[in-house]
Amino acid sequence: MPVVLGTIRRLALTPKLRAVTFAHRGFPGAGSPSAERLEAIPQSVICGFEWGIERRTLWEVERRLETMSPELRGFAYEGAAMAYTVRDAMAGGRGRRAGSKTRALLLGTGAPHIFLTYIGIGFAMARLPRPLWRDVLPDLAGSPYHPTMSWLAVDGYGFDRAYFHTRAVVDEQRVPRPYPWAGAPDYFPRAVDQGIGRALWFIHGALPDGVVAAVRGFPADRRADLWSGVGLAATFAGGCSAANLARIRAAAGEHADEVALGSVFAAKARTYAGFVPEHGRVATEVLTGLTVEDAVAVADATEVPSDASGPGGEPAYEVWRERIRSRIRSAPNVADAA
């Protein structure tokens, strides 16, 4: 019976691989030279989701995830985290409890991919009613980035909404309703915008003119967070030459430090997972003026306690982000930030 239930879940809930292709979604970046390469990322997420939603044991799911290439493995873990979050919700909202499948994954082989597995929780949130969100975040006591980086779940929610509801979120620029995530409802729309910024990278196929125009099309007060999402996606996902990355940073103007901030977090996430692709090294150097190692040193030197808060009540996550920005801004030469 468990095998049958798993098959039913897979057939009912797993998106089709074609459904995430840029052409199917009608994205302007469908004709980009990087489209096929970038499409491998959401397709890897779907593979992870399919394994997580169908397979009975965590052991089997983990073995499958570990067969993915190092560059795409974290994205497959995103999908598995999404699947387990949905399964926990279907089991009566046990996400916070010791029996949580999501918790077991994130504290197991998913631990090095914690930045991306948080995003996977956000993908699940985009498919669950808001009343169920209260229990989706597992207790990860002992994990060094919990709960500070749990805001990446909200980022993931924003990415998902932009990717699958592009007209409403990107074209019509509907502002998301606040939600008291981590007790900071006012920060919720900002974290959503960070995810939307990441999605713009995919929607426009990493083509600089499209990405820049899309960010500039949003109200001025939303652009900073959008730019940080662009910097994160450009560094983590790749798809853009060094020359075009330099164009993007120049086009960001006063928000160049936001692009650099996103790039620093991407370098940190890739390093923590144990694999930094060459495109990630190039992007980090172009967007921050730092080597990957120095960018990670900046992130580590500015990290804040999980209970820290900013003067305006900003969560520890934003306090950390501001410290990175300040380090980048204050360096006479960006490379001195490390």
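Using our numbering, the final residue of the sequence shown is 347, and nothing's skipped along the way. Using N, Cα and C, we set each Cβ at its ideal position, and we do this for glycine too. In this text the structure is predicted, and so the values were computed from the model without any measurement.
Please classify residue i as buried or exposed, where buried requires at least 16 neighbouring CB atoms within 10 angstroms.
{"i": "S272", "result": "buried"}
{"i": "D195", "result": "exposed"}
{"i": "T280", "result": "buried"}
{"i": "P79", "result": "exposed"}
{"i": "W68", "result": "exposed"}
{"i": "H33", "result": "exposed"}
{"i": "A275", "result": "buried"}
{"i": "K277", "result": "buried"}
{"i": "S53", "result": "buried"}
{"i": "E45", "result": "exposed"}
{"i": "S43", "result": "buried"}
{"i": "P140", "result": "exposed"}
{"i": "E287", "result": "exposed"}
{"i": "G289", "result": "buried"}
{"i": "R232", "result": "buried"}
Beta-carbon within less than 8 Å of residue i's beta-carbon, same chain only, minus the 5 sequence neighbours each way: which residues are those?
{"i": "V354", "result": "The question about residue 354 has no answer here: the residues shown for the chain are numbered 10 through 347."}
{"i": "G35", "result": "T175"}
Looking only at its chain, what residues have a beta carbon closer than 6 Å to the beta carbon of residue i, apart from the 5 residues adjacent to it on each side?
{"i": "A242", "result": "R207, W210"}
{"i": "M77", "result": "A85"}
{"i": "R225", "result": "none"}
{"i": "R73", "result": "W60"}
Can you give me the Cβ contacts of residue i inside the same chain, cut-off strictly under 7 Å, excluding the 5 residues immediately before and after it?
{"i": "L47", "result": "F211, G214, A215, A246, G248"}
{"i": "R330", "result": "L270"}
{"i": "R183", "result": "A177"}
{"i": "P24", "result": "I55"}
{"i": "W236", "result": "G206, V224, A261, H264, E267, V268"}
{"i": "G283", "result": "P121"}
{"i": "R18", "result": "Below a pLDDT of 50, predicted positions are generally treated as unreliable, and R18, at 48, falls in that range; no measurement from the model is reported."}
{"i": "V220", "result": "L209, W210, H213, V239, I257"}
{"i": "P198", "result": "V184, P185, P187"}
Comparing C-alpha positions only, which one of the options sits nearest to residue i?
{"i": "W160", "options": "V239, A325, R170, A308", "result": "A325"}
{"i": "T30", "options": "F173, A89, I62", "result": "F173"}
{"i": "P156", "options": "D218, G117, W190", "result": "W190"}
{"i": "V313", "options": "E327, A200, A39, G119", "result": "E327"}
{"i": "I128", "options": "M158, P185, R332", "result": "M158"}
{"i": "Y188", "options": "G319, A229, W142, A308", "result": "W142"}
{"i": "A193", "options": "A317, T66, E59, A308", "result": "A317"}
Residue i and residue j look like a contact to me (Cβ under 8 Å); what is the Cβ gap, rounded to whole Å?
{"i": "T244", "j": "L296", "result": "6 Å"}
{"i": "G61", "j": "A92", "result": "3 Å"}
{"i": "T126", "j": "G117", "result": "That belief does not hold up - the Cβ atoms of T126 and G117 are roughly 10 Å apart, past 8 Å."}
Any Cβ of chain C within less than 8 Å of the Cβ of residue i?
{"i": "A233", "result": "In the displayed structure, chain C is absent; only one protein chain is listed."}
Taking 7 Å as the cut-off, is the C-beta of residue i nearer than that to any heavy atom in the ligand NAD?
{"i": "V29", "result": "Looking at this structure, you won't find the ligand NAD or any other ligand, since it has none at all."}
Three CB pairs or more closer than 8 Å across the segment 124-139 and the segment 162-178: yes
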